[in-house]
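The structure appears right after this line, and notes come after that.
Residue numbers (this note's numbering): 1459 to 2161.
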């Protein structure tokens, strides 16, 4: 358009000059002829007229040309200024430009190159083949397609990314843009564009992608479930696999918030309760409220779980991050821990009760045996005393079971035939069962040897069989007891009845101490807790299953004992052994010290008893009596048996001692070399075993 304006201006000037010249010649000649009639003067006038015309024309032409030249110079200056501004802009933007006419073998590059691209060529004109040779094959094809689209008129511009292979194995990413700037009929189109180094952007994008993959890998493998929801719609935009696994539903079924509540909380009442609570906490906008503990959910397979969830709102992005943890196992472990702590606490209490009870039994059993000895000498009937002694021994066994439950110690075990223990138990209970209850035993032909305590094993069997019989006392039924040999070197003992069954609401408490479903006076609540403690003490497992009005089954798994060791038989009661030595007896229980003193005196010993250990020490300090043996209780007010023994050793290291305890003596030990304790005996005492122990120590004082 600028060229056409310039052409019109030149033609206009020429036409004006032509018109003025023609009019000048015409009118000047007419004027001269009208004024001067002499033709000789005409020549001179014509010369003057021509000179004047030339002078005027020159002035006019000078003015016109100067005006156009000034415009041209101004336009040129403006163009140079524009080029400078463009160059500055390109330099500032780290952008280069290119110029190419379709069909040329060379492409013209800008004087400016991005620093990383100066190695392309030192010249502005570069062979097109060189540029394309630096491109990867797929980038070359892509750029050629873009250029073809421009030339064919399918597109007005293009933008592409390509990797340039520079010298020295250096690669540079560039972004290339292009347009057509000239396209005239009959001429090849001219293309122009810009290019810039985007290697840093590419590196940042790649690093960001790596970081995203890293974060995604962490999120996908978190031990907690994570989901990201839109706050306005509640729809899940993302959830990791743990989130889906914890809830037990495939992602597509719990993406929508309404479906989520419908599937996860099938009970309408509970669903409304949870939904109202969750939505109220979210609507409060307080993140500290968006934390929900011990929520019960149902998985797709019908299994039930307990979860804890926490939401983290990002309000400015309309996002809610949900974290969820499966706490089912944790809660179960906490329940078991509380149960264990409860059992331990009750066990400690039981141990203390057992200690006191053993002191009472020591007196009852001891005096009964002393009275029996008198009646034997006089020939009187011993039936009543035998019953007292038998009952006392059974009570002592029960106290031993309470001590086992209290976990104060673990007795030394021996091989026990489980099958023989079952037969013995059935023999004991058969006579006490009513005719309406039948017994069905399914026992293997071979022995079933375990390593255990025979008394404890029989206590387990008696408790389970007694409970089963009690459950069937109204309507009768069948008591089934079976032993199966399992492949994993274990025995399965089951005791089953067809009685009333156990209420599902209390079955989890069935092994708790003092918990009973029986009426007042019908049970103590210790039986099954003792069963539980004994089985655990034998490295076994016990479980219960029951249905109301159908029956109950207890299953016990015990490890088999493979060593070929004969099952010990019950030893004969040793004979009472006499003596004449001086013996000191120290026990804060008057009845116990009285019994021991009387018994030792009856079999020949010289005895002096004390109920206060401090008085006994004062007697030793006085040195009036020379004692050959001291028998002392372990638990005494103000001083333990160990403290008493230490005080005795300081006064006289040569006096041997026997320590008695109402608790399990296996927990006591003589680990202090300064003490002269020779033996620990557990109450209640058997007079024959006690007399043998006294005699053994007195006969072997140096051992």
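Where a beta carbon is used, it is the ideal one built from N, C-alpha and C, also for glycine.
Would the beta-carbon of residue i fall within 7 angstroms of that of residue j?
i	j	result
residue 2050	residue 1820	yes
residue 1896	residue 1936	yes
residue 2034	residue 2146	yes
residue 1562	residue 1650	no
residue 1657	residue 1631	yes
residue 1751	residue 1766	yes
residue 1911	residue 1945	no
residue 1620	residue 1597	yes
residue 2015	residue 1991	no
residue 1898	residue 1938	yes
residue 2119	residue 2092	yes
residue 1951	residue 1960	no
residue 2013	residue 1955	no
residue 1763	residue 1781	no
residue 1817	residue 1970	no
residue 1648	residue 1642	no
residue 2054	residue 2036	no
residue 2087	residue 2156	yes
Distance, Cα to Cα, residue i vs residue j?
i	j	result
residue 1709	residue 1677	16 angstroms
residue 1636	residue 1617	7 angstroms
residue 1615	residue 1661	27 angstroms
residue 1827	residue 2038	21 angstroms
residue 1980	residue 2141	A caution first: residue 1980 carries a pLDDT of 44, below 50, which makes its placement in the model unreliable, though a value can still be read off. Taking the straight line from one Cα to the other gives about 28 angstroms.
residue 2043	residue 2080	17 angstroms
residue 1609	residue 1644	14 angstroms
residue 2099	residue 1825	24 angstroms
residue 1947	residue 1887	29 angstroms
residue 1759	residue 1605	60 angstroms
residue 1892	residue 1964	28 angstroms
residue 1900	residue 1736	56 angstroms
residue 2041	residue 2106	14 angstroms
residue 2115	residue 1932	56 angstroms
residue 1479	residue 1568	51 angstroms
residue 1847	residue 2151	21 angstroms
residue 1724	residue 1993	40 angstroms
residue 2017	residue 1823	36 angstroms
residue 1672	residue 1775	23 angstroms
residue 1929	residue 1917	18 angstroms
residue 1487	residue 1508	11 angstroms
residue 2153	residue 2063	11 angstroms
residue 1702	residue 1696	11 angstroms
residue 2069	residue 2158	28 angstroms
residue 1410	residue 1755	Residue 1410 falls outside the range modelled here, since the chain spans only 1459 to 2161, and no answer is possible.
residue 1714	residue 1777	15 angstroms
residue 1652	residue 1555	4 angstroms
residue 1879	residue 1915	7 angstroms
residue 1666	residue 1675	14 angstroms
residue 1686	residue 1595	42 angstroms
residue 1699	residue 1707	10 angstroms
residue 1516	residue 1603	59 angstroms
residue 1583	residue 1613	26 angstroms
residue 1523	residue 1475	13 angstroms
Name the two residues that bound the continuous alpha helix (DSSP H) containing residue i.
i	result
residue 1913	1912–1929
residue 2101	2099–2109
residue 2151	2145–2157
residue 1604	1595–1609
residue 1871	Premise fails: residue 1871 is in no alpha helix (DSSP H) and is neither H nor E.
residue 1934	It is not in any alpha helix (DSSP H) - residue 1934 carries neither H nor E in the DSSP assignment.
Between which two residues does the beta strand (DSSP E) harbouring residue i extend?
i	result
residue 1553	1553–1559
residue 1615	1615–1623
residue 1639	1629–1640
Rounded C-beta distance between residue i and residue j? I'm assuming under 8 angstroms.
i	j	result
residue 2238	residue 1779	Outside the modelled stretch of the chain, which goes from 1459 to 2161, sits residue 2238, for which no answer is possible.
residue 1722	residue 1705	6 angstroms
residue 1565	residue 1586	5 angstroms
residue 2078	residue 2109	5 angstroms
residue 2090	residue 2117	6 angstroms
residue 1943	residue 2019	Incorrect: roughly 13 angstroms between the Cβ atoms, too far for contact.
Let me see if you follow: with CB-CB separation under 7 angstroms, is residue i close to chain C or not?
i	result
residue 1599	Absent from the structure: chain C. Only one protein chain is present.
Check: Considering only residues of the stretch 1676–1716, which uninterrupted beta strand (DSSP E) runs meet the minimum length of 3 residues and lie entirely inside it, listed in chain order?
Finding: 1683–1688 and 1694–1697
Item checked: Minimum length 3: unbroken beta strand (DSSP E) runs contained in the stretch 2006–2091 -> 2009–2017, 2040–2044, 2064–2068 and 2087–2091
Check: Residue ranges of each beta strand (DSSP E) run of no fewer than 3 residues wholly in the stretch 1718–1797, ordered along the chain?
Finding: The beta strand (DSSP E) runs lying completely inside the stretch 1718–1797 and spanning 3 residues or more are 1749–1756, 1762–1772 and 1777–1784, given in chain order.
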